[in-house]
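With the sequence shown counted from 1, adding 602 to any position gets you the working numbering.
Don't be surprised by glycine CBs; every beta carbon is placed ideally from N, CA and C.
This one's a predicted model, so the numbers in the text were calculated from it and none came from an experiment.
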Amino acid sequence: SNMAHDSDITAHLKIGDMVPDFTLMSNEGKTHHLSDYRGKKILLCFYDYAHCPKCAYSVGNLMGHQKKLAWASKLKVITVFLTNKDILHDGLTNKNAPIPRLSDGSLYPFLALADPDGEAAASFRLGNKSI
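Written as structure tokens, this is what we have:
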């Protein structure tokens with residue numbers, strides 16, 4: 603079945619393996635390629651959409667650890683949202699949206715990328731599951 607095939611592929615992706623490349627637009631309208639960060643330490647996080655309260659809670663926790671993560675390991679955090687650039691921008695900058703509300707209005711410290719068609723998530727075999 604297709605499902606078994608997908609898990610076989612995922613099972614073979616190990617630490618140190620080359621990951622699938624993708625090209626997405628940031629909430630600020632700039633194009634980013636995952637391959638631009640090749641050779642650097644990154645934490646790649648996938649979320650459903652920028653106004654999701656559950657995602658906001660998870661992002662808030664990540665923001666709480668951000669200074670320690672960045673300082674300790676020179677780690678670049680890249681967040682990918684299953685939404686378009688404009689909705690993503692609103693979700694990160696509108697003070698009434700869940701992420702800014704939970705982070706006391708702090709500026710969003712991570713690179714935020716819009717994956718409106720879910721192509722990047724699909725390349726990591728995530729489908730519609732959030733992690």
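### Message
Quick check on Leu-709: buried or exposed, where buried means 16 or more other Cβ atoms within 10 Å of its Cβ?
### Response
Leu-709 comes out exposed.
### Query
What residue ranges within the segment 610 to 651 form continuous beta strand (DSSP E) runs of no fewer than 3 residues, ordered along the chain?
Fully enclosed beta strand (DSSP E) runs of 3 or longer: 625 to 628, 633 to 635, 644 to 649.
### Query
How long is the line joining the alpha carbons of Leu-682 and Leu-626, rounded to whole angstroms?
Sequence check: residue 682 is Val here, not Leu. When rounded, the distance between both Cα atoms is 9 Å.
### Task
Could you tell me which residues DSSP puts in a beta bridge with Val-679?
When DSSP reads this structure, Val-679 sits in a beta bridge with Leu-645.
### Run of the beta strand (DSSP E) containing Ala-723, from where it starts to where it stops
Note, Ala-723: premise wrong, no beta strand (DSSP E); alpha helix (DSSP H) at 721 to 725.
### Query
Can you tell me whether DSSP reads Ala-606 as helix, strand or coil?
Any reading at Ala-606 is ruled out, since the residue's pLDDT is 40, under 50, leaving its predicted position unreliable.
### Message
Pop quiz: Ala-716 and Asn-686 are said to be a contact at Cβ under 8 Å. What is the actual Cβ separation, rounded to whole angstroms?
### Response
Contact between Ala-716 and Asn-686 holds, with the beta-carbon distance rounding to 5 Å and staying under 8 Å.
#### Entry: CA-to-CA distance, Met-620 to Cys-654, given in whole angstroms
Rounded to the nearest angstrom, the two C-alpha atoms are 30 Å apart.
### Task
Report the option in Arg-640, Gly-720, Leu-645, Leu-694 whose CA atom is closest to the CA atom of His-667.
Residue nearest to His-667 within the set Arg-640, Gly-720, Leu-645, Leu-694 is Leu-645 (criterion: CA-CA distance).
### Query
Going by DSSP, what residues sit across from Ala-716 in a beta bridge?
Per DSSP, Met-627, Phe-683.
### Query
From Gly-618, Cys-647, Pro-622, Tyr-651, pick the residue whose C-alpha is nearest to that of Gly-693; which is it?
Considering only alpha carbons, the answer is Tyr-651.
### Task
Compute the Euclidean distance between the alpha carbons of Ile-689 and Phe-648, then round it to the nearest angstrom.
Rounded to the nearest angstrom, the two C-alpha atoms are 16 Å apart.
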